[in-house]
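Peer 1: Numbering (this note's numbering), first residue to last: 1 to 679.
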Amino acid sequence: ATDPMRTVVVVNANSVDSLTIANHYVGLRSIPDFGLVTLEGVPTGTACSFADFRQSILQPLLDELNARGLASQTDTVAYSAGFPTAIDFSAETKKFDPWRKAFTPTGSLNGLTTLYSLLGTEELLFAAPRANFYARPPSSVFDINPFLGADNATWEMAMTEAAAGEFAPAIATAERLLAKHPMQWPLAFRRAEWFARSERPDEAIRELRKLSKAGLLDRAMLQDGSAFAVLRRHAEYPQLVDSCVESIVERMPPVPFSARLTFGVNGLPVAEGTGIRFLLSTCLAVTHPQRGNTVAEAIESLRRAAAADGTGGPAEFYFSISSDVRAQTRKPLVPAATLLLRDLGHKVLIDQETLPEGREALMGAMLGTPNYDWAGKRNKILPGGIVENLTSTSGVLHEANSQTAMTELIRAGAAGTSGTVYEPFALQFKFPTPLLHVYYASGCTLAEAYHLAVESPYQLLIIGDPLCRPYGDDQNEAFSLTSVDDEASTTIECRFWRGQQGMSRIRQLDLFLDGKLVRSLPPTVQRIRIGHEDLAPGHHEARVFAVSKHPLAMRTGQAITFSVGRRAAAGQRAASGELGRLPVADVSIGSTLVDGRSVPATTVSVRAPDAQQVAVRHLGRRLRTADGPTARFEIPFSRTGLGPVRLIPEALVGDVWVRGEPVMIEIERPGNAGVDVIR
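The structure is reproduced here in structure tokens:
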């Protein structure tokens, strides 16, 4: 599962809605300053061209991630409000005669971000039936050639060798590929088959036993009479069959997402250069005029979603299979989803109606209707619930439209929903399958569940908290952090509440400093030393995340803060050789003049002895800078947004920017009295 340290929040610097929603989400999810990217020059309006999206949104974002060293760490991109949600790429399709009618040339903000590595392809491969290799493909294609590049031909060579009865070279080729692509378990299955065909049953049984132990082998896979006939005489064969699951559902099992992984055509990770990288992406909120949510509705949805983590219990999941083609499109996978959700302890409702009515505990619902009155049906959506609707234009929020807007479901209490930003036609691969709810109820985050379920997400707008995860906390282990500081280092002690028993369920500990992953450690490490010699002076935060051994790698984290002493870091000489004190900020509410008129503003006074310059940071950017050791900044609300605003004082001492302790200030709408300041 993903976590706040692997999530980047993207903000429009010139949108008060965007700044305000980002302020709230940063507080709810403890997103570090390092994971916030605030963009200037975002296209105005609710839709934009493909060229403007790439030039003014996506490329500046990717450039910033690369500059910060976050490209391989970032799993999830969460857009705040204030961005165009519909991206027109019709100009790029003119070189095709004709362009494929079913792939209408308008993409979504988050969908094209997910497929970022395909946007520059001449063939516009992002608009393809299976552009998202992370999505779970049909189980029947588990052993197709998964590779792009040179290894595609190597795979085909192994198949050709085996077809000719040359099993020894085929096995050797498979072993070379497995050494390079260890997560491509279908290769191990093929190798087992070739062991069996070449009268090497012990080796075949050994290979198949490994797959069975991992839950990857079902009994039907052993029914190939010609491939595994020789094994039926083996003493261990009956035991092997008994250890296999009875059947694998129609789709490959889910895997946790990582931006560091390159995915192959069959949905499994492959080595760099032989597959495609992706990003998870959602919009935290859409506040477009007419069809968007209000800022208050968006904030309330995000609050409910954050509070839902780990609270999921037995719940209801609803699937409409009415005669409407919108519902019929996703009907084939409803039985599989039903079976799996019931195995997880949930109640599944399958109905010929278009909407549920009077349900009290909905965690998920799959609809298929152009218009509806959700409020009139008196349903209660549980915190964290996903309710989404397959129809043509529920995601068309950038212009007037007759179909019910997807934002109605956010208004009704859903933590996540989705809809297409242009006519998609009734094509299953453009929408999440019913297994979306299975992935979510199994412990995936909202973003993971969606991207596991949509094979062609290029025009699907997803609104919701990408980190929401109601299920899976039973796989986490609680732990606490304490620290001891001296002049040279900070030592963190990590203590699991259940001691060795808890530690045994953890795969690794990930250590982040100021938002950046610095190392992964075995869970047996109880003390972590952080040397101050490589850190800039100032305020720092360390977070440790424990990653469970569960196949979905659920995570839970704790944080501590510390300060690095008075001397500048080695090789970074301060002007006087000493830092008197760390920079400090005092804040108050006042007003300032903008274009000759008085507007509400936050007054921030920053002071730091020996500083050549002082500054104040907000949402990942240096918002104001002034020469000298002290400064008073008057910052209009339009530059910070409202809500819980986190401000970080900075000072330039010598050639080192030193950060002080953040200050939180709650900014209410103009006219409301009072201001709360929390250090």
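C-beta atoms are modelled at their ideal positions from N, C-alpha and C, and glycine is treated no differently.
It should be emphasised that the depicted structure is a prediction, and the values quoted were computed from it without experimental measurement.
In three-state terms, what does DSSP make of Met159?
Peer 2: If DSSP states are grouped into helix, strand and coil, Met159 belongs with the helices.
Peer 1: Taking the straight line between their C-alpha atoms, what separation do you get for Cys244 and Leu217?
Peer 2: Approximately 6 Å between the Cα atoms of the pair.
Peer 1: Would you check if there are 3 or more beta carbon pairs closer than 8 Å linking the region 273-293 to the region 320-335?
Peer 2: Verdict: no, contact absent.
Peer 1: Based on DSSP bridge pairs, tell me the residues matched to Leu461.
Peer 2: Beta-bridge pairing links Leu461 to Gly419.
Peer 1: May I ask which residues mark the beginning and end of the beta strand (DSSP E) holding Leu647?
Peer 2: Where Leu647 is concerned, the enclosing beta strand (DSSP E) stretches over 643-653.
Peer 1: Going by DSSP, what residues sit across from Ser520 in a beta bridge?
Peer 2: According to DSSP, which records beta bridges pairwise, Ser520 is partnered with Asp510.
Peer 1: For Leu70, which of Ala327, Leu279, Leu436, Gly384 has the nearest alpha-carbon?
Peer 2: Selected option, being the one with the closest Cα: Leu279.
Peer 1: Can you tell which of Ser392, Ile386, Leu409 has its C-alpha closest to the C-alpha of Gly376?
Peer 2: Checked all of Ser392, Ile386, Leu409; the closest Cα to Gly376 is Leu409.
Peer 1: DSSP beta-bridge partners for Ser681?
Peer 2: Beyond the ends of the chain as shown, which are 1 and 679, falls residue 681; an answer cannot be given.
Peer 1: Go through the region 105-156 residue by residue and report every complete run of the alpha helix (DSSP H) that reaches 4 residues or more, in order.
Peer 2: Correct list: 109-114.
Peer 1: Would you report the Cα separation of Val8 and Tyr372, rounded to the nearest angstrom?
Peer 2: Using only the alpha carbons, I get a separation of about 34 Å.
Peer 1: Going by DSSP in three states, Pro60 sits in which element: helix, strand or coil?
Peer 2: DSSP places Pro60 in helix when its eight states are reduced to three.
Peer 1: Just to confirm, are Ala615 and Ala601 a CB contact at a threshold of 9 Å?
Peer 2: Not in contact: Ala615 and Ala601 (Cβ atoms no closer than 9 Å).
Peer 1: For Gly502, I'd like the list of residues in its chain whose CB is within less than 6 Å of its CB, leaving aside the five on either flank, ordered along the chain.
Peer 2: Cβ within range, chain order: Glu477, Phe496.
Peer 1: Alpha carbons only, please: which of Arg621, Thr329, Asn145, Ala81 is nearest the one belonging to Phe425?
Peer 2: Comparing Cα positions, the closest option is Thr329.
Peer 1: Whose C-beta lies closer than 7 Å to the C-beta of Arg519 among residues of the same chain, with five residues either side of it excluded?
Peer 2: Closer than 7 Å at the Cβ level, and outside the excluded window around Arg519, lie Leu511.
Peer 1: Using C-beta distances below 8 Å, list every residue in its chain close to Glu92, excluding the 5 sequence neighbours before and after it, in chain order.
Peer 2: For Glu92, where only same-chain residues beyond five positions count, the Cβ hits under 8 Å are Phe50, Pro105, Leu124.
Peer 1: From His181 to His437, what distance separates their C-alpha atoms?
Peer 2: Looking at the two C-alpha atoms, the distance is approximately 30 Å.
Peer 1: Give every residue of the same chain whose Cβ lies closer than 7 Å to the Cβ of His234, excluding the five residues on either side of it in the sequence, and list them in chain order.
Peer 2: So the qualifying residues of the chain are Pro201, Ile205.
Peer 1: Mind checking which residues open and close the beta strand (DSSP E) that includes Arg411?
Peer 2: From DSSP, Arg411 is part of no beta strand (DSSP E) but of the alpha helix (DSSP H) over 407-411.
Peer 1: Measure the CB-CB distance between Leu582 and Arg646 and report whether it falls below 9 Å.
Peer 2: The answer is no: Cβ separation not under 9 Å.
Peer 1: Given 8 Å as the limit, tell me if Thr404 has its C-beta closer than that to any heavy atom belonging to the ligand GTP.
Peer 2: Within the structure as shown, the ligand GTP is missing, as the structure has no ligands at all.
Peer 1: Which value, in whole angstroms, describes the spacing of the CA atoms of Ala546 and Pro432?
Peer 2: About 30 Å.
Peer 1: Roughly how many angstroms separate the alpha carbons of Phe692 and Leu427, rounded to a whole number?
Peer 2: It is not possible to answer for residue 692, since the shown part of the chain is limited to 1 through 679.
Peer 1: Taking the beta carbon of Gly275 as the centre, do at least 16 other beta carbons fall within 10 Å, making it buried, or is it exposed?
Peer 2: Buried.
Peer 1: How many Å lie between Gly292 and Ser504 at the Cα?
Peer 2: Roughly 47 Å between the two C-alpha positions.
Peer 1: Which value, in whole angstroms, describes the spacing of the CA atoms of Ser18 and Phe195?
Peer 2: Cα to Cα, Ser18 sits roughly 59 Å from Phe195.
Peer 1: Is Pro383 helix, strand or coil when you go by DSSP?
Peer 2: In the structure shown, Pro383 sits in a strand (DSSP, three-state: E or B).
Peer 1: Can you name the residues that DSSP bridges to Phe431?
Peer 2: Phe431 pairs with nothing; no bridge assigned.
Peer 1: Any chance the region 257-266 sits against the region 73-80, with 3 or more Cβ pairs inside 8 Å?
Peer 2: At 8 Å Cβ cutoff, the stretches touch.
Peer 1: Give the secondary structure of Gly682 by DSSP, where H, G and I count as helix, E and B as strand, and everything else as coil.
Peer 2: The structure shown has nothing for residue 682, since the chain only spans 1 to 679.
Peer 1: According to the Cβ coordinates, are Tyr318 and Met366 closer than 9 Å?
Peer 2: Against a cut-off of 9 Å, the Cβ pair of Met366 and Tyr318 comes out as a contact.
Peer 1: Hey, Met183 and Leu268 are a contact pair by Cβ (cut 8 Å); roughly how many whole angstroms apart?
Peer 2: 5 Å between Cβ atoms; contact.
Peer 1: Taking just the CA atoms, how far does Leu652 sit from Arg68?
Peer 2: Whole-angstrom Cα-Cα distance: 19 Å.
Peer 1: Using the beta-carbon count (16 or more within 10 Å), is Thr404 buried or exposed?
Peer 2: Burial call: buried.
Peer 1: In terms of alpha-carbon separation, which member of Glu357, Ala128, Cys494, Leu302 lies closest to Ile506?
Peer 2: Residue Cys494 is the option with its Cα nearest to Ile506.
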